[in-house]
Ligand code: NCD
Ligand code: ZN
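Residue numbers (our numbering): 9 to 362.
Right, dumping it as structure tokens:
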């Protein structure tokens, strides 16, 4: 029987970029309008403000909360931005004081080039941070990892699998109880690993990686709107990741990685910015994916339940309703401010109504 309405607990975005200043004011309402109870906020804001000290994380949190309306219960869960200078004491203190809920690993290469936006101040020497990971394992502090190899000689489309083998597997062997979230997973082999590994490992999955493969970057010529990190992969990888997600595997959960950049940065001929903005319609996009796979019964756990306790969040008592719009009348606007929305201009058969 065709389902026309889905009611699930209000959801939680496990990976979100809100930026600062004017951009923050522009994009925050999009996630609030999507009825999220909160989100895991990435701290890769411009130097020198990355959330790599308690003071910086608190200042950023304050900037965000000052823009949340008083009648909203949106809970921004901050993350610590790991660097080569990170000490175990700092990570533990911020966690104990409730400043952050997890530490985020971005890696940079020896030249100081990061693999993604705002990652150039990340970790160059992973082994050097092993004492930090030991403390995190002991204290139960989750590690959110951007697992993409950053060395220049690694093929663009192999960065995730190389990092899995080179960085993550040795890390898990050294710290088998460490709670790890493999962020925005894209490679089918990495998804197999997450599904089968005898470790405390989970993965977030974006709506855009479920919806497109790497061809999308080359539709009608170079298409920077579809460029993000990790870069979308071949179709067989997309389908493998999607199979775990819509098949209801509990190790996978929604993390939009909604990453706004203004049009100027996205359309630069020499090095356009990496990042895709899905916040205004993320729930509708995820729902459409589950519906296409005839798997709406697994939507609720993916959006609103799976491994929420890692971020010290509970499954919401409040429900949200998503309805099928028979006429495909949910139209995603092209832009919010100067930021292009992913799939802008397209109609979706689902709409978050309440
Ligand atoms: C993100 C951004 O713009 O901050 N970009 C992206 O392509 N996903 C950073 C990140 O999560 O990698
Ligand atoms: Zn991100």
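Note that the Cβ used here is the ideal one computed from N, Cα and C, for glycine as well. Computed from a prediction, not measured in an experiment: that's the story for all the values here.
Same chain only: Cβ atoms within 6 Å of residue i, ignoring 5 sequence neighbours per side
| i | result |
| --- | --- |
| residue 256 | 306 |
| residue 110 | 87, 150, 152 |
| residue 163 | none |
| residue 314 | 258, 261 |
| residue 353 | 342 |
Beta-carbon contacts of residue i that lie in its chain and below 8 Å, excluding the five residues immediately before and after
| i | result |
| --- | --- |
| residue 322 | 316 |
| residue 3 | Since the displayed the chain opens at 9 and closes at 362, residue 3 lies outside it and no answer follows. |
| residue 36 | 26, 72, 75, 76 |
| residue 194 | 168, 217, 238, 239, 240, 241, 245, 246, 249 |
| residue 288 | 38, 41, 42, 340, 341, 344, 349 |
| residue 28 | 53, 54, 57, 68, 71 |
| residue 140 | 90, 94, 95, 96, 99, 111 |
Residues of its chain near residue i, where Cβ-Cβ distance is below 7 Å and the 5 sequence neighbours each way are ignored
| i | result |
| --- | --- |
| residue 107 | 62, 65, 66, 86 |
| residue 270 | 346, 347 |
| residue 157 | 167, 170, 171, 174 |
| residue 203 | 252, 257, 259 |
| residue 31 | 268 |
| residue 282 | 124, 125, 235, 236, 237 |
Host beta strand (DSSP E) of residue i (start-end)
| i | result |
| --- | --- |
| residue 284 | Careful: residue 284 lies outside any beta strand (DSSP E) and carries neither H nor E. |
| residue 210 | 209-213 |
| residue 187 | No beta strand (DSSP E) holds residue 187; DSSP gives it neither H nor E. |
| residue 299 | Not the beta strand (DSSP E): residue 299 falls in the alpha helix (DSSP H), residues 290-300. |
| residue 48 | 46-49 |
For residue i, the first and last residue of its enclosing alpha helix (DSSP H)
| i | result |
| --- | --- |
| residue 100 | 96-104 |
| residue 168 | 167-171 |
| residue 245 | 243-254 |
| residue 309 | 307-312 |
| residue 87 | Residue 87 -> not in any alpha helix (DSSP H); beta strand (DSSP E) instead, spanning 83-89. |
| residue 197 | 196-204 |
| residue 149 | Note, residue 149: premise wrong, no alpha helix (DSSP H); not H, not E. |
Cβ-Cβ separation, residue j to residue i (assumed contact under 8 Å), whole Å
| i | j | result |
| --- | --- | --- |
| residue 294 | residue 311 | 6 Å |
| residue 34 | residue 47 | Not confirmed; about 16 Å, so no contact. |
| residue 177 | residue 190 | At roughly 12 Å, the Cβ-Cβ gap does not stay under 8 Å, so residue 177 and residue 190 are not in contact. |
| Which residues have their C-beta within less than 6 Å of a heavy atom of the ligand ZN, listed in chain order? | 23, 25, 50, 265, 267
| message | Does the region 226-245 come into contact with the region 105-121, if we say contact requires no fewer than three beta-carbon pairs (one atom in each stretch) closer than 8 Å? | response | no
| request: Could you say if the region 15-26 and the region 90-104 meet the contact criterion of at least three C-beta pairs nearer than 8 Å? | output: no
| said: So, does the region 178-187 touch the region 137-152, judging by three or more C-beta pairs under 8 Å? | reply: yes
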